[in-house]
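Residue numbers (this note's numbering): -2 to 219.
See structure below.
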């Protein structure tokens, strides 16, 4: 398990992505073995809580929701959005977040959160491929609505188009030029940031010095 340090303050911040209701996701279990109560794990989408009515999913839900370490996550495209919308919203580190449990927070699209004095802009979701667009597995909320997009551009402007980190479920240079891709390109071209972390592709890959794709390799960054 490779670990690269993010912070030398009180809170260590780590990244994983795309658990997909997998109770045997070994890196998550390894993380929980080493994490302190001050550490924070950020999952970059596709956790899969209550996603399918299977025994595997039920076992994962029970396991994940009982975790007593601090976890924050953005949504991906394989989520039960109706379930995520049932939770109350709260102010969290300068933004609005959904409180799933006492220890688990859903980071909402378009918000900027300040953690360890660093600014994190977050925006979840992406468009599913056609094979996933079937009843019970696909939800229109995988793509952003107008309010979420408006909030994103508003908050970027409030922060003078400068943040420390960008967190999204997916990063890709424009294949389909939809509203999410427009936002991606806008951030790339107009926002000053140190690193951009994303998931979705089920690979651990450094695209360049600023864009990192995360999957099952637990990472944090200086």
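Glycine included, C-beta positions come from ideal geometry on N, C-alpha and C.
Next on the checklist: Rounded to the nearest angstrom, what separates residue 111 and residue 152 at their Cα positions?
Outcome noted: 13 Å
Checklist entry - Using 8 Å as the Cβ pair cut-off and three pairs as the minimum, do the region 47 to 59 and the region 27 to 35 touch? => result no
Checklist entry - Expressed to the nearest angstrom, what Euclidean distance is found between the alpha-carbon atoms of residue 154 and residue 11? => result 27 Å
Next on the checklist: Less than 8 Å between the C-beta atoms of residue 208 and residue 168, yes or no?
Outcome noted: yes
Next on the checklist: Give me, in chain order, the residues of the same chain whose beta-carbon lies closer than 6 Å to that of residue 179; leave out the 5 immediate sequence neighbours on both sides.
Outcome noted: none
Checklist entry - Below 8 Å between beta carbons: does that hold for residue 124 and residue 79? => result no
Next on the checklist: Quick check: is any heavy atom of the ligand ATP less than 7 Å from the C-beta of residue 75?
Outcome noted: As far as ligands go, the structure on display features none, and thus does not contain the ligand ATP.
Item to check | C-alpha gap between residue 104 and residue 24, whole angstroms | outcome: 21 Å
Checklist entry - Apart from the five residues just before and just after residue 87, which ones in its own chain have a Cβ nearer than 7 Å to its Cβ? => result 94 and 96
Item to check | Range covered by the alpha helix (DSSP H) that runs through residue 145 | outcome: 143 to 155
Checklist entry - In the DSSP assignment, what residue or residues form a beta bridge with residue 193? => result 163 and 208
Checklist entry - Buried or exposed: where does residue 202 fall if 16 or more other Cβ atoms within 10 Å of its Cβ makes it buried? => result exposed
Item to check | Coarse secondary structure for residue 139, derived from DSSP in three states | outcome: helix
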